[in-house]
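Single-structure report; data block below.
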Amino acid sequence: MQAQTPFLGTFRNKVDRKGRVSVPAPFRQVLIGESFQGVVCFLSHKVEAIEGCGMGFMSELSESVADMDLFSDNHQDLASSLFADAHPLAWDSGGRIQLPPELMEVAGITDEAAFVGMGKTFRIWEPGAFTAYQGERRAQAREKGLSLPLRRAKEE
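Residue numbers (my numbering): 69 to 224.
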């Protein structure tokens, strides 16, 4: 199985009166080849931002939730958080999507949005909120001395 190209970088784009915003071209490139030409957006259950991904990743999430005990509280909590408020948003010929007002309101997005790569997903933030969050995360990572083991490609 080939690894998905990750969502990388931070991009700030204007949001018009109707809630339309351009999905950064590098993010659209990651999603090329998906059956749905657009993004899926839903509220983050961790931060006040919008989560974004492709339909393929939503399918992976669905399979993971399906592995949980059906009707358990944990299953219900995650299924409701991930799928009930998810919006498949097709982009137009200019690469714009229209953000649902209820997602914009919770994330505090008005006239500008920051698209932030998170690897397999991305987030859409109100830029000032992201700047504060990013500073906190960097400080936490330094304080905890976080690091990752380097994965080496398996020889075939």
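We treat Cβ as the ideally placed atom computed from N, Cα and C, and that holds for glycine.
Residue i - containing alpha helix (DSSP H), residue span
i: ARG206; result: 195 to 212
Secondary structure of residue i, DSSP reduced to three states
i: VAL83; result: strand
i: GLY124; result: helix
i: ARG96; result: helix
i: ALA147; result: helix
i: GLU116; result: coil
i: SER90; result: strand
8 Å contact criterion, which residue i and residue j should meet: CB distance rounded
i: ILE177; j: VAL107; result: So it is not a contact: roughly 15 Å between Cβ atoms.
i: GLY228; j: GLY77; result: Nothing about residue 228 can be read from this structure; the chain reaches only from 69 to 224.
Cβ-based neighbour list, residue i, same chain, cut-off 6 Å, excluding 5 preceding and 5 following
i: ASP179; result: VAL83
i: LEU146; result: VAL133
Limits of the unbroken beta strand (DSSP E) element including residue i
i: PRO156; result: 155 to 158
i: VAL107; result: 106 to 111
Proximity of residue i and residue j at Cβ, strictly below 9 Å
i: CYS109; j: ILE118; result: yes
i: VAL91; j: GLY163; result: yes
i: GLY122; j: VAL89; result: no
i: THR189; j: PHE104; result: no
Close Cβ partners of residue i (< 7 Å) along its chain, the five nearest in sequence each way excluded
i: PRO169; result: GLY87
i: GLU128; result: none
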